[in-house]
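Encoded as structure tokens, the structure appears first; notes follow it.
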Amino acid sequence: MVNAWLDHVRDYRSQNPNMSYTDALVEAKKTYKSSNSSSSSSKRVKKSKKSRKSIKSKKSDKSNNNNDNNINNSMEENTKNTKNTKNTKKEKKQKRSNKKRKSVSNPWIEHVKQFRKENPNLSYTEALVESKKTYKK
320 MVNAWLDHVR DYRSQNPNMS YTDALVEAKK TYKSSNSSSS SSKRVKKSKK SRKSIKSKKS
380 DKSNNNNDNN INNSMEENTK NTKNTKNTKK EKKQKRSNKK RKSVSNPWIE HVKQFRKENP
440 NLSYTEALVE SKKTYKK
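The opening residue of the sequence shown carries number 320 in the working numbering; numbering runs sequentially from there.
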């Protein structure tokens with residue numbers, strides 16, 4: 320059984336033999352009528368997801384008013400606290416910068432550095448390859 324669309328295109332092309340196949344497809348589309356009326360009803364309609372705003376808007380007015388009051392109160396507290404937090408952040412930065420970090424050296428890296436000092440004419444990658452031969456764990 321041949322597809323109805325392909326059958327229609329074949330008939331259309333036989334009526335217009337000088338037309339290319341792609342052009343025949345485009346033109347046949349204009350004259351084709353589907354035999355199935357159910358094909359248009361079988362298309363699925365994609366439902367959109369509900370946004371948070373639409374979900375929140377369903378809440379009662381009382382809870383919204385309470386939330387607004389809570390938000391206003393928290394905003395006032397935040398403005399008071401921001402002045403204090405700025406000072407503490409600066410203090411923390413200063414404390415961190417004052418601390419001297421202990422440098423824990425990797426023995427392999429130390430070996431490569433030492434090898435490179437002994438052989439300054441080698442590039443770093445060449446020094447890595449050559450120092451591999453002399454490195455002892």
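Idealized CB from N, CA, C, for every residue including glycine.
- DSSP, reduced to helix, strand and coil, places K368 outside both helices and strands of the structure shown, so it counts as coil.
- When secondary structure is reduced to three states using DSSP, V321 falls in the coil class, being assigned neither helix nor strand.
- Put simply, of K412, K451 and H327 the residue whose alpha carbon is nearest the alpha carbon of H430 is K451.
- Short of 7 Å from the beta carbon of A446, and not among the five residues preceding or following it, lie these beta carbons of its own chain, in chain order: V431, F434, R435 and N438.
- DSSP, read as helix, strand or coil, puts K455 in coil.
- Each residue's CA atom was taken as its position, placing S416 and N425 some 23 Å apart.
- Straight-line spacing of the CA atoms in S442 and K368 works out to 59 Å.
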